[in-house]
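Report on one structure; see the data block that follows.
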Amino acid sequence: MKLFVDSADLHELRALADTGLVDGVTTNRSLIAKQGGVFLDTLAAICAAVEGPVSAEVASTAYAGMMAEGERLAAIAANVVVKLPLTWDGLKATQSFAGRGIRTNVTLCFTAVQALMAAKAGATFISPFVGRIDDHGGRGMELIADIRAIYDQYGFPTEILAASIRTETHVKDAALAGADCATLPPKLFQGLLTHPLTERGLRQFLDDWSGSGQTIL
Ligand code: E4P
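Spelled out as structure tokens, the structure:
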């Protein structure tokens, strides 16, 4: 499963990209607004810092505006993926971008039928919002499993990008449910290796080794 970082914070993204295990980045309008600065400049810097796909969301809600904005975003770097909302205009734009060879991430997906429609429109990625479904008493991970079954049944190449991921358990469950990718807040990504027994074991091994008086080099 590919792991993306859900952030527009260049400093955090660069630090995580340094691990060599970041496969891409997702941003949304809220993250960009929180970050401040000039959106297009920030996007260009993120695209240069990370090799994988970088999702950048349009601001328009009407087809013509989405097309104009998406083309502008896609011209910034080869790894830009145009992020579009799951609306009729958004799916129309998805089809048009697919015809032009421009990759898309269809966002704000909350049902399997929405995901089916996005795949039919030729979306490169579909973003089901697991955490927000859980927040409203639903079972976000069931949606991932349902979309996996539908896409496999019909051979849709659209990649399932589990979004609104909040916990390590979400990451594990998304992997078990067959998500192609998951996008994580930087803090969650950074903490993926943390376990008290790993830390305790490492401390003990280091203590024992230094007590032995030996060196490797
Ligand atoms: C993904 O593309 C979204 O930006 C993100 O995962 C939304 O997460 P949230 O529900 O925690 O805001």
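Position one of the sequence shown corresponds to residue 2 (the working numbering), numbered consecutively onward.
For glycine and all other residues, C-beta sits at the position ideal for the given N, C-alpha and C.
Beta-carbon proximity of T112 to S128, cut-off 7 angstroms: Not in contact: T112 and S128 (Cβ atoms no closer than 7 angstroms).
Nearest candidate by alpha-carbon position, reference L92, set Q205, K121, F190 and L74: Among Q205, K121, F190 and L74, the Cα nearest to that of L92 is on K121.
Endpoints, beta strand (DSSP E) assigned at E58: Here the beta strand (DSSP E) through E58 covers V55 to E58.
Using beta-carbon positions only, say whether Y64 and A99 come within less than 7 angstroms of one another. Contact flag unset, no.
Unbroken stretches of the alpha helix (DSSP H), 4 residues or longer, contained in the stretch 104-128: As far as the stretch 104-128 is concerned, its whole alpha helix (DSSP H) runs of at least 4 residues are 113-121.
Let me know the secondary structure DSSP gives P197 once reduced to three states. Taken through DSSP and simplified to helix, strand or coil, P197 comes out as helix.
Quick check: T105 and A76, are their CB atoms within less than 7 angstroms of each other? Their beta carbons are not under 7 angstroms apart, which means T105 does not touch A76 by this criterion.
Just to confirm, does T95 get its C-beta within under 6 angstroms of one of the non-hydrogen atoms of the ligand E4P? Outside the cutoff, so no.
Checking 7 angstroms against the spacing of the C-beta atoms, do L87 and C110 come in under that value? The Cβ-Cβ distance between L87 and C110 falls below 7 angstroms.
E52 classed as buried or exposed, judged by whether at least 16 other C-beta atoms fall within 10 angstroms: With fewer than 16 other Cβ atoms within 10 Å, it is exposed.
My guess is that G25 and F40 are in contact by the Cβ rule of under 8 angstroms, so how many angstroms apart are they, rounded? That pair is no contact at about 18 angstroms.
So if DSSP puts D7 in a beta bridge, which residue, or which two residues, is it bridged to? Looking at the DSSP assignment, D7 forms a beta bridge with T27.
DSSP three-state call for E160: helix, strand or coil? Strand, per DSSP.
Any heavy atom of the ligand E4P within a distance shorter than 6 angstroms of the CB on T184? At least one heavy atom of the ligand E4P is nearer than 6 angstroms to the Cβ of T184, so yes.
When you compare the stretch 148-158 with the stretch 190-207, are there three or more beta-carbon pairs, one atom per stretch, that lie closer than 8 angstroms? Touching, no.
Quick one: is F157 buried, meaning 16 or more other Cβ sit within 10 Å of its Cβ, or exposed? It counts as buried.
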